[in-house]
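Below: the structure, in structure tokens.
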Amino acid sequence: MYLLAGISVVLIAARSWEQPKTPNLAAGQKASDCGVCHTEIYAEWKQSTHAQAWTDVQFQAELHKDPEVGWMCLNCHTPLANQQAYLVNTTDSIRNIDRIRNPAFDPAWQAEGVTCLSCHWTNEGIASAHKNVNAPHPTVYSPELKRDSLCNECHQAVARIEDNLVCHFNTGQEKLDAGVTESCQECHMPSVERVMALGGPVRTGGRHLWAGSGIPKGDESTHPGLDALDFKVTAQAQAAPGEQVPVVITLVNARAGHMVPSGDPERTVVVRIEGPAGNVEEWRIGQVWEWHPVSRKLSDNRLKPKEARDHQWSFTMPTEDVELKVSVDHVRMSSENLNYHIEKAEKGHPGPSAEALRAYPTKRRLFSHQTQISVRDGP
Ligand code: HEC
Ligand code: HEC
Ligand code: HEC
Ligand code: HEC
Ligand code: HEC
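Sequential numbering of the sequence shown, starting at 7, is according to the working numbering.
And the structure:
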């Protein structure tokens, strides 16, 4: 049996990124330690993007962009004090900070990103979802575990830190605005009946995969997607040469409890429509931001929960049959941004190597559709 000991400071932060979320913990409470008994939950967590919140190639690239302010990324990506090499003492100015070397720093714990205790830590013991748990460690029944507020500590943060430095994760507010009643957990941690720890009873709990966009990270883990969108293409089967052929692409945000895409403002859904040779259109769904000199959102055409949207397109029918091709991608990182990081890496800037960046998947194909529109002779 071990206790949650070693508590040194209790810091109450106004905003999640200002201080580590929890005080120092004793060693031996990494996810890999919990995983000795919570084998299935550990295996799921390991596949999740939460386990990669530190090692993620895109995160590491962005972290090295402006190293002076990198410290403020850590309290969401590596929220426990033990996961941080330095603790930040003052936040009067985000660039002129007082850093203290952290004797409790554990690099293996840092690599775990959003680790078990990011969500399961309380002052008195491990936050548990059930009452009367018979565990070899202190547990505290915590109804908050099943509430949006747990997720929103990191997934809902809107702050302007400097003119051109903003933090903008609005998923929790998007959900409130749409009046969605299910919790984040109901969709992202669906129910499962199983033994929760070796030797324990079978109970109903939640999956620890946090399936979301399903955009892979380029390693062996699968990052399953939840697939929020429905998709339809409407086009006639035949057209006469010279005729204007209308094509309607319909996307419905049928299953998400917030906008699609959500999260990082860089995320987009890109629909590519290809008709006769050279006739291509891109329909981009997402936010457009101007970052300099003062960051501001210029537009936002994302799909609200349950919203259906039609995109109208047309082409002139040529004298031969047309292969109409439509693809839909969920994009995490734009190619401009990826190329920017590759160029910096090639010049020796610290961060992931150009090779690692080139191998990093930036999107996932959601749909692809192909139909033939044939030439109709006569009227
Ligand atoms: C030595 C084995 C062991 C280790 C190590 C261990 N646990 Fe447990 N844990 C258990 C057992 C056994 C239970 C009780 C299971 C039950 O009653 O279903 C339990 C219960 C829990 C519960 C409450 C489950 C509920 O039903 O709500 C949580 C949460 C939990 N552990 C998280 C953790 C975390 C996080 C760690 C690592 C910091 C950890 N455990 C380390 C064995 C362990
Ligand atoms: C308030 C908490 C918070 C802070 C502070 C924060 N992040 Fe994040 N970050 C998140 C959440 C939540 C996600 C998951 C949403 C997503 O992936 O779009 C995320 C995802 C990311 C991603 C992956 C983007 C994607 O679309 O998969 C990158 C890269 C990233 N953050 C970089 C940073 C950097 C660099 C900083 C500091 C300048 C930072 N973050 C600060 C919460 C935060
Ligand atoms: C992002 C937050 C988060 C992280 C990270 C996380 N959990 Fe959980 N955990 C939860 C929530 C929420 C529940 C309640 C799920 C439910 O019962 O519907 C839960 C429930 C549990 C339970 C009780 C069984 C159950 O499913 O209700 C155990 C045991 C547990 N977690 C262990 C772990 C371990 C071990 C890790 C790390 C390998 C971990 N958790 C990581 C949020 C988290
Ligand atoms: C301590 C901060 C933190 C907490 C608490 C947290 N998350 Fe996350 N979450 C993140 C970060 C950071 C990422 C992005 C990791 C990456 O891609 O590198 C993320 C990624 C995700 C993703 C995957 C996004 C994708 O790419 O598909 C989902 C889904 C998600 N979180 C849901 C939840 C839910 C549901 C909860 C509450 C039970 C929760 N998170 C609690 C920080 C957090
Ligand atoms: C009604 C079910 C539902 C609820 C409630 C819900 N989500 Fe989601 N979420 C989804 C689906 C479905 C997706 C997959 C979107 C897609 O197809 O890319 C998703 C995707 C995400 C993503 C990845 C962003 C993206 O563009 O794909 C994050 C992060 C996320 N959810 C976090 C949360 C958080 C945090 C909450 C609570 C505030 C929440 N979700 C509530 C269903 C839900």
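We put the beta carbon where it would ideally sit given N, CA and C, even for glycine.
Anyone know if the C-beta pair for residue i and residue j falls short of 8 Å?
i: G119; j: Q25; result: no
i: W115; j: K36; result: yes
i: Q293; j: R308; result: yes
i: A110; j: N88; result: yes
i: K303; j: W297; result: no
i: M323; j: A234; result: no
i: H56; j: W216; result: yes
i: R338; j: G231; result: no
i: I379; j: A243; result: yes
i: L156; j: C122; result: no
i: I103; j: W77; result: yes
i: E342; j: H214; result: no
i: R164; j: H174; result: Looking at the sequence provided, one finds Val at residue 164 rather than Arg. Going by C-beta atoms, V164 is nearer than 8 Å to H174.
i: H44; j: M195; result: no
i: N170; j: V300; result: yes
i: R325; j: V251; result: Looking at the sequence itself, residue 325 is Thr, so the reference to Arg does not match. Their beta carbons are not under 8 Å apart, which means T325 does not touch V251 by this criterion.
i: G131; j: E188; result: no
i: P367; j: P222; result: yes
i: A133; j: V146; result: yes
i: P197; j: G212; result: The question names Pro, but residue 197 in the sequence shown is Ser. Result yes, Cβ atoms of S197 and G212 sit closer than 8 Å.
i: V332; j: I291; result: no
i: L151; j: L86; result: no
i: D154; j: C190; result: yes
Less than 8 Å between the CB atoms is what I'm expecting for residue i and residue j, so what's the real figure, rounded?
i: G281; j: V328; result: 6 Å
i: K312; j: M265; result: Rounded, the Cβ-Cβ distance is 11 Å, inconsistent with contact.
i: E192; j: T210; result: Wrong, their Cβ atoms sit about 13 Å apart, outside the cutoff.
i: L330; j: A241; result: 6 Å
i: V239; j: V258; result: With 8 Å as the limit, V239 and V258 do not qualify as a contact, their Cβ atoms being about 13 Å apart.
i: I255; j: V277; result: 6 Å
i: G220; j: A365; result: That pair is no contact at about 18 Å.
i: A141; j: W60; result: Not really, about 27 Å apart at Cβ, beyond 8 Å.
i: H336; j: H70; result: That pair is no contact at about 25 Å.
i: V63; j: A314; result: At roughly 35 Å, the Cβ-Cβ gap does not stay under 8 Å, so V63 and A314 are not in contact.
i: E180; j: S268; result: 6 Å
When DSSP builds the beta bridges, which residues end up paired with residue i?
i: R82; result: Checking the sequence, you will find Cys at residue 82 rather than Arg. Answer by DSSP bridge pairing: none, since C82 is not bridged.
i: T377; result: L330
i: T240; result: V254
i: A163; result: F175
i: G292; result: T274
i: R4; result: Since the first residue of the chain shown is 7 and the last is 385, residue 4 is not available in this structure.
i: I279; result: E287 and V332
i: T145; result: I132
i: K52; result: Answer is none; K52 lacks a bridge partner.
i: V266; result: L309
i: K369; result: V337
i: N259; result: L235
Closer than 8 Å, CB to CB, is residue i near chain D or not?
i: A262; result: You won't find chain D in this structure, because it holds only one protein chain.
Would you mind listing the alpha helix (DSSP H) stretches within the segment 302–333 that are 4+ residues and don't spill past its ends, in chain order?
Runs of the alpha helix (DSSP H) inside the segment 302–333: none found.
Within the segment 64–140, note down every full alpha helix (DSSP H) run reaching 4 residues or more, in order along the chain.
80–83, 113–116 and 122–126
Closer than 6 Å is what we want: which residues have a beta carbon that near any heavy atom of ligand 1? List them in chain order.
Q35, D39, C40, V42, C43, H44, C122, L123, H126, I132, S134, A135, H136, V139, N140, A141, P142, H143, T145, M202, A203, G205, G206, P207 and R209
At what residue ranges does the segment 166–252 contain a whole run of the beta strand (DSSP E), taking only runs of 3 or more?
171–176, 197–201, 208–212 and 235–241
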